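Given below as structure tokens:
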């Protein structure tokens, strides 16, 4: 599944971002939702429902919802185009760290760049796209920012909170995982155990938790898309934050 979705996620380089920033608009006048206005002001551009990006992204998202797909409605997909000076700075920082880690790890044959889902409240999503990540969201396998691979999308959905309009929000992020180490359940780890490692996982063969330490949350994670959806079937169950 992951390979199928990854082909729809364009990995922008510096020239792509600068070209898009110079030629595109950040206004999203077709939307009446205040939340979408916040997205637009922070360089998140709405993707049309008939585009080649939207359709496969929606399809794969619903596949990730598994048995709950029929009760899920995808409202919108927004793409990070990195227009604001702060967002451009964060993007270039991400690419810089990514380049360094890849060069280091390719020499060892273990370079790793991945994608992960991050679920949160509307307010936290706005905070992240405006100013970057600022807090750790789980601590079951060390204290860090936890993201979920495509196969375990539902884990990220459980961290979303329905807003006043019944909508929920998730980020799909580029990740520079580098060399990953296994973090056992119950660990109090807060940073790599040695210079050999960059990030953590709960299982190397089939990771369910992708763990980025707080010191690297804005250099190793780059939000790529926001997906807005409704999942009325979950009701109260998903309004509680998980600590797993």
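In UniProt numbering, the protein residues as written are 1 to 244.
Cβ atoms here follow ideal geometry from the backbone N, Cα and C, with glycine treated the same way.
Please read all numbers here as calculations on a predicted model, not as lab measurements.
- Can you name the start and end residues of the alpha helix (DSSP H) that residue 44 belongs to? Element bounds for residue 44: not the alpha helix (DSSP H) but the beta strand (DSSP E), 44-46.
- Query: Are the stretch 219-227 and the stretch 70-81 touching by the rule of at least three beta carbon pairs closer than 8 Å?
  - Reply: yes
- In the DSSP assignment, find the unbroken alpha helix (DSSP H) run with residue 58 in it and report its ends. 54-64
- Report back the beta-carbon spacing between residue 46 and residue 36 to the nearest angstrom; my notes put them in contact at under 8 Å. 7 Å
- Query: Secondary structure at residue 147, three-state DSSP: helix, strand or coil?
  - Reply: strand
- Between the C-alpha atoms of residue 202 and residue 215, what's the straight-line distance to the nearest angstrom? 19 Å
- Close beta carbons around residue 213, own chain, < 6 Å, minus the five adjacent residues each side: 144, 191
- Alpha-carbon spacing of residue 74 relative to residue 171, whole angstroms: 14 Å
- C-alpha distance - residue 165 paired with residue 34, whole-angstrom precision: 11 Å
- Query: Are the beta-carbon atoms belonging to residue 178 and residue 141 less than 8 Å from one another?
  - Reply: no
- Message: In this structure, how does DSSP classify residue 21 when only helix, strand and coil are distinguished?
- Response: In this prediction, residue 21 scores a pLDDT of 44, lower than 50, which makes its location untrustworthy; the coordinate-derived value is nonetheless stated afterwards. Of the three classes helix, strand and coil, the one that applies to residue 21 here is helix, per DSSP.
- Task: Measuring alpha carbon to alpha carbon, tell me which of 71, 63, 126 ends up nearest residue 39.
- Result: 126
- Item | Contact check, residue 230 vs residue 154, beta carbons under 8 Å | no
- Task: Select from 184, 167, 130 the residue whose C-alpha is nearest the C-alpha of residue 43.
- Result: 130
- Message: Report the start-end ranges of each beta strand (DSSP E) in the stretch 107-192 that is 3 residues or longer and not cut off at the edges.
- Response: 113-120, 144-147, 168-176, 180-182
- Nearest CA to the CA of residue 183: which residue from 228, 208, 135? 208
- Please look up how many angstroms separate the CB atoms of residue 210 and residue 116, rounded, as I've assumed it's under 8 Å. 5 Å
- What is the DSSP secondary structure of residue 224, counted as helix, strand or coil? strand
- Task: To the nearest angstrom, report how far apart residue 68 and residue 218 are at their CA atoms.
- Result: 32 Å
- Message: According to DSSP, simplified to helix, strand and coil, what is residue 218?
- Response: coil
- Item | Residue environment, residue 137, which counts as buried when at least 16 other CB atoms sit within 10 Å | buried
- Take residue 152 and list the residues in its own chain whose beta-carbon comes closer than 7 Å to its own, dropping the five residues that flank it on each side. 208
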